[in-house]
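Let me begin by presenting the structure, written as structure tokens, before commenting on it.
Numbering (the working numbering), first residue to last: 31 to 293.
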């Protein structure tokens, strides 16, 4: 079974465009209205590995089987999703099924693209998504702990839930769980807030090299380590070119490597 990575964010931030670029397809409809994606789109992509290619040459193997990763295009979440706003409960359940999360963040201005919020604010947008996931976790924890009083449950899972509940209620960093428990144990908990995550700042063509004021604000708040600056539109355009055209186009706009390779 391949590793599953869910693309998550507010409506109209470029999730489906990124999904199409990652999977080199047009499977996901990218439209200028909220919730154009309802059921998640799934695409399976081989992970390039030069080590495999070198080993194949040494062993004269005719067949190389790459590891694969599944990308899941999940419909846009909105404020109140944990209470069912915008079909939020359904979309949150799709996030539970993935192994890691790509947070797609809008970092561009456009009068042509509808925005569910009146202004572009990447910090606020991520906080909306993470708050909704945390509230969904809170409800899930409370229900499961109520059940644990009625029947025997795994002690480790109960401990995870107790610590997570304390973190959420007292505004502590829930990621302390990662240092205390094994990945397998945390995955069994089904908590959204502790899934591995990466942040993708979706920018316009002018900002793809050095970012912009929005990306600077975002990185200042959440750090550079897990943040990638990408133009989903450019990545889609690059995918449609042959090797020579791709090289020339990337040189023209000053890109040394695609955002997808970085991702």
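Every residue, glycine too, gets a C-beta built ideally from N, C-alpha and C.
**Request:** Could you tell me the distance, in whole angstroms, from the CA atom of residue 221 to the CA atom of residue 105?
**Result:** Straight-line Cα distance between these residues: approximately 19 Å.
**Request:** With DSSP collapsed to three states, give me the class of residue 227.
**Result:** Note: residue 227 maps to strand in three-state DSSP.
**Message:** I'd like the list of long-range same chain contacts for residue 156, defined as Cβ closer than 8 Å, with 5 residues on each side in sequence excluded.
**Reply:** These residues qualify, in order along the chain: 133, 135, 229, 248, 252.
**Prompt:** What alpha helix (DSSP H) runs, 4 residues minimum, are completely inside the region 248-280?
**Reply:** For the region 248-280, whole alpha helix (DSSP H) runs of length 4 or above, ordered along the chain, are 262-269.
**Request:** With DSSP as the reference, label residue 153 as helix, strand or coil.
**Result:** Taken through DSSP and simplified to helix, strand or coil, residue 153 comes out as helix.
**Asked** Do the region 228-243 and the region 256-269 touch if we need at least three Cβ pairs shorter than 8 Å?
**Response** Yes, they touch.
**Prompt:** Taking just the CA atoms, how far does residue 187 sit from residue 50?
**Reply:** Each residue's Cα considered, the two are about 37 Å apart.
**Prompt:** Helix or strand or just coil, what does DSSP make of residue 206?
**Reply:** In the three-state scheme derived from DSSP, where H, G and I count as helix and E and B as strand, residue 206 is classed as helix.
**For residue 37, the first and last residue of its enclosing beta strand (DSSP E)** = DSSP places residue 37 inside the beta strand (DSSP E), whose first and last residues are 33-38.
**Asked** Excluding the five sequence neighbours on either side, which residues of its own chain have a C-beta within less than 6 Å of the C-beta of residue 198, listed in chain order?
**Response** Around residue 198: 164, 168.
**Prompt:** Alpha carbon to alpha carbon, how far is residue 202 from residue 172?
**Reply:** So the two alpha carbons sit approximately 17 Å from each other.
**Request:** Please list, in chain order, all residues of the same chain as residue 40 whose beta carbon is under 6 Å from its beta carbon, the five residues on each side excluded.
**Result:** Take residue 40, set aside five residues on each side of it, and the residues of its chain with a beta-carbon closer than 6 Å to its own are 106, 146, 155, in chain order.
**Asked** I think residue 38 touches residue 125, with their Cβ atoms under 8 Å apart; what is that distance to the nearest whole Å?
**Response** Contact between residue 38 and residue 125 holds: CB atoms are separated by about 6 Å, below the 8 Å threshold.
**Prompt:** If you draw a straight line from the alpha carbon of residue 204 to that of residue 274, how long is it in whole angstroms?
**Reply:** Rounded to the nearest angstrom, the two C-alpha atoms are 47 Å apart.
**Anticipated Cβ contact below 8 Å, residue 245 with residue 137, distance rounded** = Beta-carbon to beta-carbon, residue 245 and residue 137 are separated by about 5 Å, close enough to satisfy the 8 Å threshold.
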